[in-house]
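**Student:** My questions will all concern the structure given below.
There are 2 protein chains.
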Amino acid sequence: MAKLLMGKEVTAALNERIKSRVNELKAKNVFPKLAVLRVGAREDDLSYERSLIKRCDAVGIEVKPVFLPEDVTQAELVGSVRELNEDITVHGVLIFRPLPKHLDDEEVRKTLHTRKDIDGITDGSLAGVYSGANLGYPPCTAEACIEILNHYGVEIEGKKCVVVGRSLVIGKPVSMMLLGKNATVTMCHSRTRDLAGICRDADILIAAIGKAGFIKAEHLSRGQTVIDVGINVDENGKLTGDVKFDDAENLVEAVTPVPGGVGTVTTSVLASHVAEAAFRASMPK
Amino acid sequence: MAKLLMGKEVTAALNERIKSRVNELKAKNVFPKLAVLRVGAREDDLSYERSLIKRCDAVGIEVKPVFLPEDVTQAELVGSVRELNEDITVHGVLIFRPLPKHLDDEEVRKTLHTRKDIDGITDGSLAGVYSGANLGYPPCTAEACIEILNHYGVEIEGKKCVVVGRSLVIGKPVSMMLLGKNATVTMCHSRTRDLAGICRDADILIAAIGKAGFIKAEHLSRGQTVIDVGINVDENGKLTGDVKFDDAENLVEAVTPVPGGVGTVTTSVLASHVAEAAFRASMPK
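Sequences listed follow chains A and X, in order. Residues in the first sequence are numbered consecutively from 1, following this note's numbering. Residues in the second sequence are numbered consecutively from 1, following this note's numbering.
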């Protein structure tokens, strides 16, 4: 039976680190603050916002909610982002996306300052994760994968890592982060031939395809660590990952469950970015 | 005997495409112009500049040389970059690097507008090649590899590509460009275990390590296409690639020679970026 890599254990350890960091900052009169910018009142945005406020509260980070009506104009939205850019009490800005269709996401992304981009959506953050420079922040879910591997002491250096999926929120950034930790990284996707063979050969397999149960026994082998980034709803309305869990449990060394795995860690990673942004802002230029 | 993938053939075809593009632009009163910004008078900069002027001249692109003395101040250098940013007759800016040690490369890089960054050094260009967005330009040598594969009709989609080396000028950008063309890409480096086995398994092997003759018979197999990006000087003072040429010639399907391979194509790729920058600048916003 595979070992379960539980998100809540990673989160608990990460939260302790964030708390002590926040306390150090507060001792220097720096009060980490996250602004969340929400347009309209979509149920999933509201639910995420509640969990975010709770998580930030638990580690001592203040949340400043900014609500704009569903029919806000582009100019008003961009104006709000500019205000948050200029507000020196705000260290990080999370913009709920996708935005309503009448708004230009690209302009909003370009307006946000990279130093406040704790969700990794600006070109500066993209360049940062790609180049390995200390610029902006990687997408939180990609970093959550690395946090889980680190927490459970899974060695990355020199290991064969296979990443299935090449999105800008998971596949590409997690590939770059694994490469930065000296893994040998293979990037796979829907056009990859012999995907099962390539996956079986991995020491660490990251599944980020967005298809329920796509990774099965034929993709898996003994000794592997499997990180399942998928969050899908199966035909019975049940939350399920990209990996067929029973197959993994019987075969591999360790696997993240869904729910209870990667998704659980993401919000804490976001909070850690806010603390880091507050720290960077407090440093002399 | 392996087929030789000759840079000059690729360059000849590419130059024809650039020429016809430049002529179309000139018919619309757009005159593509490249500024080259050189600090001091290093012999290799001067030599590159001469070949650049010749190549650009051949395809109808004007070159505006900007020379600054070896002891230029940071403020003067940044001022020159700003002037070139604002000069609407200049479409691309090439800055010779490395800069003398008293100058801050990072600030210079950040000053240059991404839309004129035909050499792919700005954060905007990094984000562009990483994300696949139409933003800035990839490093010319990385793109030269793709041009060679395209010219010789080497299929990329679905193929196993192995890239050895992870620099920002070759390894990372060429990996991203191959991924964008639907290859399955493995990124290797000095910490990769069983490098020979991984390389042998590649359909397309890109060698960009910077070590003369590092890739040998044990890394190669029948049917492969090998792109040798290395430009090293061997113990006899002879220019040589990262691939042991005799080994490759006896084993693989096709290989680029050094000299006469990738290096030959780079300047034409730069010229193509200037034409593209002039084209983008001529488009309505």
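C-beta: ideal position from N, C-alpha, C; glycine also.
Would you say the region 234 to 254 of chain X touches the region 202 to 209 of chain X, given that touching needs at least three Cβ pairs under 8 Å?
**Tutor:** yes
**Student:** Between X:Val39, X:Gly40, X:Ser20 and X:Asp203, which lies nearest to proline 32 of chain X when the distance is taken from Cα to Cα?
**Tutor:** Taking the second sequence and counting its residues from 1, the one referred to as residue 32 of chain X is at position 32. The shortest Cα separation from proline 32 of chain X among X:Val39, X:Gly40, X:Ser20 and X:Asp203 belongs to X:Ser20.
**Student:** Along the chain, which unbroken stretches of the beta strand (DSSP E) at least 3 residues long are found entirely within the region 206 to 246 of chain X?
**Tutor:** Correct list: 225 to 228.
**Student:** Does the distance from the CB of glutamine 224 of chain X to the CB of valine 252 of chain X come in under 8 Å?
**Tutor:** Against the second sequence, residue 224 of chain X aligns to sequence position 224. Against the second sequence, residue 252 of chain X aligns to sequence position 252. Their beta carbons are under 8 Å apart, which means glutamine 224 of chain X touches valine 252 of chain X by this criterion.
**Student:** As a quick exercise: from X:Gly213, X:Arg166 and X:Leu179, pick the residue whose alpha carbon is nearest that of threonine 192 of chain X.
**Tutor:** Numbered from its first residue, the second sequence carries residue 192 of chain X at position 192. The shortest C-alpha separation from threonine 192 of chain X is found at X:Arg166.
**Student:** In terms of residue numbering, what span does the beta strand (DSSP E) encompassing phenylalanine 67 of chain A cover?
**Tutor:** Along the first sequence, read from residue 1 onward, the residue named residue 67 of chain A stands at position 67. 62 to 68 is the span of the beta strand (DSSP E), which, as asked, contains phenylalanine 67 of chain A.
**Student:** Please list, in chain order, the residues of the region 46 to 71 of chain X that have any C-beta partner in chain A closer than 9 Å.
**Tutor:** none
**Student:** How would you list, in chain order, the residues of chain A whose beta-carbon sits under 7 Å from the beta-carbon of glutamate 155 of chain X?
**Tutor:** Counting from one through the second sequence, the residue named residue 155 of chain X turns up at place 155. None at all; the shortest Cβ gap to chain A is about 12 Å.
**Student:** Once the 5 residues before and after alanine 212 of chain X are set aside, which same chain residues still bring their CB inside 8 Å of it?
**Tutor:** The residue labelled residue 212 of chain X in the question sits at position 212 within the second sequence. Counting only Cβ-Cβ distances below 8 Å, and skipping sequence neighbours, we find Gly230, Asn232, Val233, Asp234, Thr240, Gly241 and Asp242.
**Student:** Could you give the uninterrupted runs of the beta strand (DSSP E) lying entirely in the region 40 to 122 of chain X, keeping only those of 3 residues or more?
**Tutor:** Every beta strand (DSSP E) of 3 residues or more that sits fully in the region 40 to 122 of chain X is shown, in chain order, as 62 to 68 and 92 to 95.
**Student:** Does DSSP put valine 265 of chain A in a helix, a strand or coil?
**Tutor:** Residue 265 of chain A sits at position 265 when you count from the first residue of the first sequence. Here valine 265 of chain A sits in helix by DSSP.
**Student:** Run down chain X in chain order and give the residues with a C-beta less than 8 Å from the C-beta of leucine 301 of chain A.
**Tutor:** Residue 301 of chain A is absent from the model: chain A starts at 1 and stops at 285.
**Student:** Once the 5 residues before and after proline 257 of chain X are set aside, which same chain residues still bring their CB inside 6 Å of it?
**Tutor:** Residue numbering aside, residue 257 of chain X sits at position 257 when the second sequence is read from its first letter. So the qualifying residues of the chain are Leu4.
**Student:** Compute the distance between the beta-carbons of leucine 94 of chain X and leucine 34 of chain X, then report whether it is under 8 Å.
**Tutor:** Counting from one through the second sequence, the residue named residue 94 of chain X turns up at place 94. Counting from one through the second sequence, the residue named residue 34 of chain X turns up at place 34. The Cβ atoms of leucine 94 of chain X and leucine 34 of chain X lie closer than 8 Å to each other.
**Student:** Which residue comes first and which comes last in the beta strand (DSSP E) that contains methionine 187 of chain X?
**Tutor:** For the purposes of this step, residue 187 of chain X is identified with residue 187 of the second sequence, where counting begins at 1. Residues 184 to 188.
**Student:** Just the chain A side, please: which residues come within less than 9 Å of glycine 158 of chain X by C-beta, in chain order?
**Tutor:** If you number the second sequence from 1, residue 158 of chain X lands on position 158. Simply Arg191, Thr192 and Arg193.
**Student:** Going by alpha carbons, who is nearest to valine 162 of chain A out of A:Ala278, A:Val174 and A:Gly153?
**Tutor:** If you number the first sequence from 1, residue 162 of chain A lands on position 162. It is A:Val174 whose Cα lies nearest to the Cα of valine 162 of chain A.
**Student:** According to DSSP, simplified to helix, strand and coil, what is isoleucine 198 of chain A?
**Tutor:** As a first step, residue 198 of chain A must be located in the first sequence, where it is residue number 198. Helix at isoleucine 198 of chain A.
**Student:** Does the beta carbon of isoleucine 198 of chain X sit closer than 8 Å to a beta carbon anywhere in chain A?
**Tutor:** If you number the second sequence from 1, residue 198 of chain X lands on position 198. So, interface residue.
**Student:** Where in the region 149 to 178 of chain X do unbroken runs of the beta strand (DSSP E), each at least 3 residues long, occur, reported from the N-terminal end onward?
**Tutor:** 160 to 164
**Student:** For alanine 127 of chain X and chain A, any beta-carbon pair shorter than 8 Å?
**Tutor:** If you number the second sequence from 1, residue 127 of chain X lands on position 127. Yes - at least one Cβ of chain A is within 8 Å of the one on alanine 127 of chain X.
**Student:** Give the interface partners of cysteine 188 of chain X over in chain A, defined as CB-CB distance under 7 Å, in chain order.
**Tutor:** As a first step, residue 188 of chain X must be located in the second sequence, where it is residue number 188. Near cysteine 188 of chain X (Cβ distances below 7 Å), the residues of chain A are Thr184.
**Student:** Could you work out which residues of chain A lie near arginine 166 of chain X, taking near to mean beta carbons separated by less than 8 Å?
**Tutor:** Residue 166 of chain X sits at position 166 when you count from the first residue of the second sequence. Correct list: Leu179.
**Student:** Quick check on alanine 133 of chain X: does DSSP put it in helix, strand or coil?
**Tutor:** Sequence index remark: in the second sequence, residue 133 of chain X carries index 133 (1-based). The answer is coil: DSSP assigns alanine 133 of chain X none of H, G, I, E or B.
**Student:** Can you name, in chain order, every residue of its own chain whose Cβ lies under 6 Å from the Cβ of isoleucine 18 of chain X, other than the five neighbours on each side?
**Tutor:** Here residue 18 of chain X corresponds to residue number 18 of the second sequence, with the count starting at 1. Here the set comprises Val59, Ala271, Ser272 and Ala275.
**Student:** For threonine 114 of chain X, tell me which candidate among X:Asn250, X:Ala183 and X:Pro138 has the shortest Cα-Cα distance.
**Tutor:** Residue mapping note: residue 114 of chain X aligns to position 114 of the second sequence, counting from 1. Among X:Asn250, X:Ala183 and X:Pro138, the Cα nearest to that of threonine 114 of chain X is on X:Pro138.
**Student:** Mapping DSSP to helix, strand and coil, what is valine 36 of chain A?
**Tutor:** Taking the first residue of the first sequence as 1, we reach residue 36 of chain A at position 36. Assignment of valine 36 of chain A by DSSP, reduced to helix, strand and coil, places it in the strand class.
**Student:** Identify the continuous alpha helix (DSSP H) that holds glutamate 16 of chain X and give its terminal residues.
**Tutor:** Taking the first residue of the second sequence as 1, we reach residue 16 of chain X at position 16. That run of the alpha helix (DSSP H) goes 7 to 27.
**Student:** Does the distance from the CB of lysine 110 of chain X to the CB of asparagine 85 of chain X come in under 8 Å?
**Tutor:** Translated into positions along the second sequence, residue 110 of chain X becomes position 110. Translated into positions along the second sequence, residue 85 of chain X becomes position 85. No, Cβ-Cβ distance for lysine 110 of chain X and asparagine 85 of chain X is not below 8 Å.
**Student:** Do you know whose CA, among X:Glu157, X:Ile215 and X:Glu9, lies nearest cysteine 188 of chain A's CA?
**Tutor:** In the first sequence, counting from the first residue as 1, residue 188 of chain A sits at position 188. Nearest of X:Glu157, X:Ile215 and X:Glu9 to cysteine 188 of chain A, Cα basis: X:Glu157.
**Student:** For valine 63 of chain X, tell me which candidate among X:Thr122, X:Val36, X:Val72 and X:Glu76 has the shortest Cα-Cα distance.
**Tutor:** Translated into the one-based positions of the second sequence, residue 63 of chain X becomes position 63. It is X:Val36.
**Student:** Please report how far the alpha carbon of proline 100 of chain X lies from the alpha carbon of glutamate 49 of chain X, in whole angstroms.
**Tutor:** For this step, residue 100 of chain X is matched to residue 100 along the second sequence. For this step, residue 49 of chain X is matched to residue 49 along the second sequence. Distance between the alpha carbons of proline 100 of chain X and glutamate 49 of chain X: 17 Å.
**Student:** Kindly indicate if chain A contains any beta-carbon less than 8 Å away from that of serine 221 of chain X.
**Tutor:** Position 221 of the second sequence, counting from 1, holds the residue named residue 221 of chain X. Not an interface residue.
**Student:** Rounded to whole angstroms, what is the Cα-Cα separation between aspartate 247 of chain A and leucine 179 of chain X?
**Tutor:** Position 247 of the first sequence, counted from the start, is the residue given in the question as residue 247 of chain A. Position 179 of the second sequence, counted from the start, is the residue given in the question as residue 179 of chain X. Rounded to the nearest angstrom, the two C-alpha atoms are 29 Å apart.
**Student:** Going by Cα to Cα distance, which pick from A:Met177, A:Ser190 and A:Asn182 is closest to alanine 183 of chain X?
**Tutor:** For the purposes of this step, residue 183 of chain X is identified with residue 183 of the second sequence, where counting begins at 1. For alanine 183 of chain X, the nearest C-alpha among the options comes from A:Ser190.
**Student:** Let me check one thing: in DSSP terms, what residues is lysine 3 of chain A bridge-paired to?
**Tutor:** The residue labelled residue 3 of chain A in the question sits at position 3 within the first sequence. Looking at the DSSP assignment, lysine 3 of chain A forms a beta bridge with A:Ala254.
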